[in-house]
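Before any comments, here is the structure.
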DNA sequence: CTGAAAGCGCTTACAG
DNA sequence: CTGAAAGCGCTTACAG
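What follows is the structure, given as structure tokens:
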């Protein structure tokens, strides 16, 4: 690599005939600067095509402009959509996004926390469905004391972390009540329950509805991981075992799609033999046939709230809980 | 935020009874350090839980440990899978990933290029299917002269940028030849052609096959954007217009899935009335019914090559072209 | 093999 | 309103 020559505040200062301090003041717009000086500096910046070195700035300020986004598994559509929204909301605020894909390796989380402080990260956004181990939770609280930490999807307010969540339990309950209203009584739940913070909430909402209706049956709770394959496997197992069911509430759209494939392979018609409801409202669901009935989510709203939490100077130790609305998208599958 | 107290090289040096320079030498492992000193430093680092400040290091070295990944649209499954692989391959080399989602706004590209130099980025990975405007190409070449730039998916070797590509044209040709061998003659192509570097390559392969077979028909090239909706719309348009066709080669799996939905809505059976081939081999295709016949891609291999290009000190100006293999995954839809 | 010193490019009290 | 100076936390020639 040839050594690049880069313009610095000093170059701008010389060009404008002022001191570097004044250039810095113009750049940051905090202190008052004489109008004429300001204009000269602005002109020089444009003329030289100057842009400040973020590392020097970050070192001096003791804080970078980078926010780390810790995501469970970015290959999952839901996380990919969230990542897109968060990146673009942060970018609008001049913040960079460092992506950390956890991929269900909890050690990476502890690792990131250790680095977060010395990296002088502006903040950390945590978007995980996995249960956070109790071993890591104290670290989490310590981290949150030192920099802005925000949770998306999982309620971490007990750890002092502002959280943006959907009401998973209520949404699941309402979807299952919809199935009950259609006359279904043998309704199964498919998805990861243990180990998943969000999954266990959804499953609880499912239980709420069925218990209230007096038709809860534990053999219809299929605790199965992972994505499409989970739905497919659970359906095959249930049919092989002779379990009767007329509807399925899936813990995600991907799981629902896997289940739909298995149902077709076993000559069950959707929705006539088995009604199917997904969770998440990803775009793809609308292109299934029958189209997937599902529960919407709102990554763009979540991202907006994340961004808001970063621009305010709210030093309040209060850990806000933002609840996003969910709705049932009724389509062909149920 | 309470002011965090952070351990520095100075603390480590004091603790170990050496100079900061020696600590730095141990950290970087370049210069030779007396064994005893090295051990004392190592012990102190562990004892104090020290980790170096990347901004200070980057400022001093004139280079950060961050690689920017510029991606066309991370919400698309293919890019999400690639991003996951690249992040994890770079992380294994101690590099951080800054994510830039272009979202088809070319101005963001120029913007990033301007910042890349002052940010002292370690490198930039470009994963775009969009045609890069000729206005930006000179900038691209200039950028590549100053830092490591790698292209994934699009051949940018003419701009002096090492590129990791699949042979799109050949892969498309072979898939279409497969359809021809099955007896199809009215084979359509659906996807963005103009404006898409990768799309136009794929379309060319399609044309190659059909021209060689003497049955190319321009009315069967459906230049349509975007994702699922493109496939759906193109099929409806064609059927409305009375265009005859017995097979479709889609430019992506997502487009194929959209097309499949439209075909079912119009009572065309797949594969009997219309055979369908996707492009990309995303996981989801295997869960369509019929399962999607498609052309594989290899994000993990691409990511591995990206990482390789970052660890070598290869100052060679040579812009390598890596070609990844593709294969036809024959499933139910064709 | 090792330490003292300089400097990467900024920003911010501190004087004036 | 503005400049000179110090310092953020490292690394790297430079002497020894």
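Chains as they are written, first to last, in our numbering: chain A, 3 to 336; chain B, 3 to 336. Ideal placement from N, C-alpha and C gives every residue a C-beta, glycine not left out. Computed from a predicted model, the values in this text were never measured in an experiment.
**Request:** Within the same chain, show all residues whose beta-carbon is closer than 6 Å to that of residue 25(A), passing over the 5 residues directly before and after it, in chain order.
**Result:** 11, 14, 15, 43
**Item:** Short CB-CB distance (under 9 Å) between residue 336(B) and chain A
**Value:** no
**Item:** Counted within 10 angstroms of its Cβ, other Cβ atoms place residue 256(A) as buried (16 or more) or exposed
**Value:** buried
**Item:** Within-9 Å CB hit, residue 4(A) to chain B
**Value:** Residue placement at residue 4(A) is flagged as unreliable, the pLDDT there being 39, under the threshold of 50; the coordinate-derived value follows with that caveat. Cβ-Cβ to chain B under 9 Å: yes for residue 4(A).
**Prompt:** Between residue 130(A) and residue 74(A), is the Cβ-Cβ spacing less than 9 Å?
**Reply:** yes
**Buried versus exposed call for residue 36(A) [16 or more other C-beta atoms within 10 Å across all chains shown]** = exposed
**Asked** Can you tell me whether residue 220(A) is buried or exposed, with buried defined as 16 or more other CB within 10 angstroms of its CB?
**Response** exposed
**Request:** Go ahead and label residue 124(B) buried or exposed: buried means 16 or more other beta carbons lie within 10 angstroms of its beta carbon, across all protein chains shown.
**Result:** Classification for residue 124(B): buried.
**Request:** Name the one or two DSSP bridge partners that residue 191(A) has.
**Result:** Residue pairing for residue 191(A): DSSP places it in a beta bridge opposite 223(A), 251(A).
**Request:** At 8 Å on the CB atoms, spell out the chain B contacts of residue 83(A), in chain order.
**Result:** 77
**Message:** One question on the structure: do residue 101(A) and residue 57(B) come within less than 9 Å of each other, judged by their Cβ atoms?
**Reply:** Taking 9 Å as the Cβ cut-off, residue 101(A) and residue 57(B) do not qualify as a contacting pair.
**Cβ-Cβ distance between residue 167(B) and residue 331(B) below 9 Å** = No, the Cβ-Cβ distance between residue 167(B) and residue 331(B) is not below 9 Å.
**Prompt:** Which term fits residue 113(B), buried or exposed, when burial requires 16 or more other beta carbons within 10 angstroms of its beta carbon?
**Reply:** exposed
**Request:** Indicate whether at least one CB of chain B lies closer than 9 Å to the CB of residue 250(A).
**Result:** Chain B contact via Cβ: absent.
**Asked** Looking at C-beta atoms only, is the number of pairs between the region 181-190 of chain A and the region 207-217 of chain A that lie closer than 8 Å three or more?
**Response** yes
**chain A within 9 Å of residue 22(B), Cβ atoms only** = It does not: the Cβ of residue 22(B) has no partner Cβ on chain A nearer than 9 Å.
**Message:** I'd like to know if the region 296-308 of chain A and the region 166-183 of chain A are in contact, where contact means that at least 3 CB-CB pairs between them fall below 8 Å.
**Reply:** yes
**Asked** What residues in the region 88-99 of chain A bring their beta carbon closer than 7 Å to a beta carbon of chain B?
**Response** Cβ proximity to chain B below 7 Å picks out 89, 90, 98, 99 from the region 88-99 of chain A.
**Prompt:** Is residue 104(B) near the ligand HEM, in the sense that its beta carbon is under 8 Å from a heavy atom of that ligand?
**Reply:** The ligand content of the structure shown is nil, which means the ligand HEM is not present either.
**Message:** Rounding to the nearest angstrom, what Cα-Cα distance links residue 237(A) and residue 209(A) in this structure?
**Reply:** 19 Å
**Message:** Please identify the residue among 252(B), 268(B), 226(B) whose C-alpha is closest to the C-alpha of residue 242(B).
**Reply:** Cα-wise, what sits closest to residue 242(B) is 268(B).
**Item:** Helix, strand or coil at residue 125(B) according to DSSP, with G and I counted as helix
**Value:** strand
**Prompt:** If you follow the alpha helix (DSSP H) that residue 57(B) is part of, which residue opens it and which one closes it?
**Reply:** Bounds of the alpha helix (DSSP H) holding residue 57(B) are 56-63.
**Request:** Mind checking the region 273-291 of chain A against chain B and listing, in chain order, the residues whose C-beta falls within less than 9 Å of any C-beta there?
**Result:** 285, 286, 288, 289, 290, 291
**Message:** Does chain A have any CB closer than 9 Å to the CB of residue 309(B)?
**Reply:** For residue 309(B), no CB of chain A lies under 9 Å from its own CB, so it is not counted at the interface with that chain.
**DSSP three-state assignment for residue 3(B), whether helix, strand or coil** = Residue placement at residue 3(B) cannot be trusted, given a pLDDT of 39 that sits under 50; what the coordinates show is reported in the next sentence. DSSP places residue 3(B) in the coil class of the three-state scheme, outside both helix and strand.
**Item:** Cβ contact check for the region 69-87 of chain B and the region 243-250 of chain B: 3 or more pairs under 8 Å
**Value:** no
**Request:** For residue 56(A), decide whether its Cβ has a neighbour in chain B, counting only Cβ atoms nearer than 9 Å.
**Result:** yes
**Prompt:** Considering only residues of the same chain and omitting the five flanking positions on each side of residue 172(A), which have a CB-CB separation below 7 Å?
**Reply:** 207
**Message:** Please report whether the beta-carbon of residue 8(B) lies at a distance below 9 Å from any beta-carbon of chain A.
**Reply:** yes
**Message:** Going by DSSP in three states, residue 294(A) sits in which element: helix, strand or coil?
**Reply:** Here residue 294(A) sits in coil by DSSP.
**Request:** Taking residue 182(B) as part of the alpha helix (DSSP H), name the residues at either end of that continuous run.
**Result:** 170-183
**Message:** Judging by CA-CA distance, which residue of 266(A), 177(A), 224(A) is the nearest neighbour of residue 329(A)?
**Reply:** 177(A)
**Asked** When the distance is taken between beta carbons, is residue 227(B) closer than 9 Å to residue 87(B)?
**Response** No; because the gap between Cβ atoms is not below 9 Å, this pair is not in contact.
**Prompt:** Residues of chain B with a CB under 7 Å from the CB of residue 103(A): which are they?
**Reply:** 86, 89, 90
**Item:** Same chain only: Cβ atoms within 6 Å of residue 336(A), ignoring 5 sequence neighbours per side
**Value:** 273, 277, 278, 279, 295
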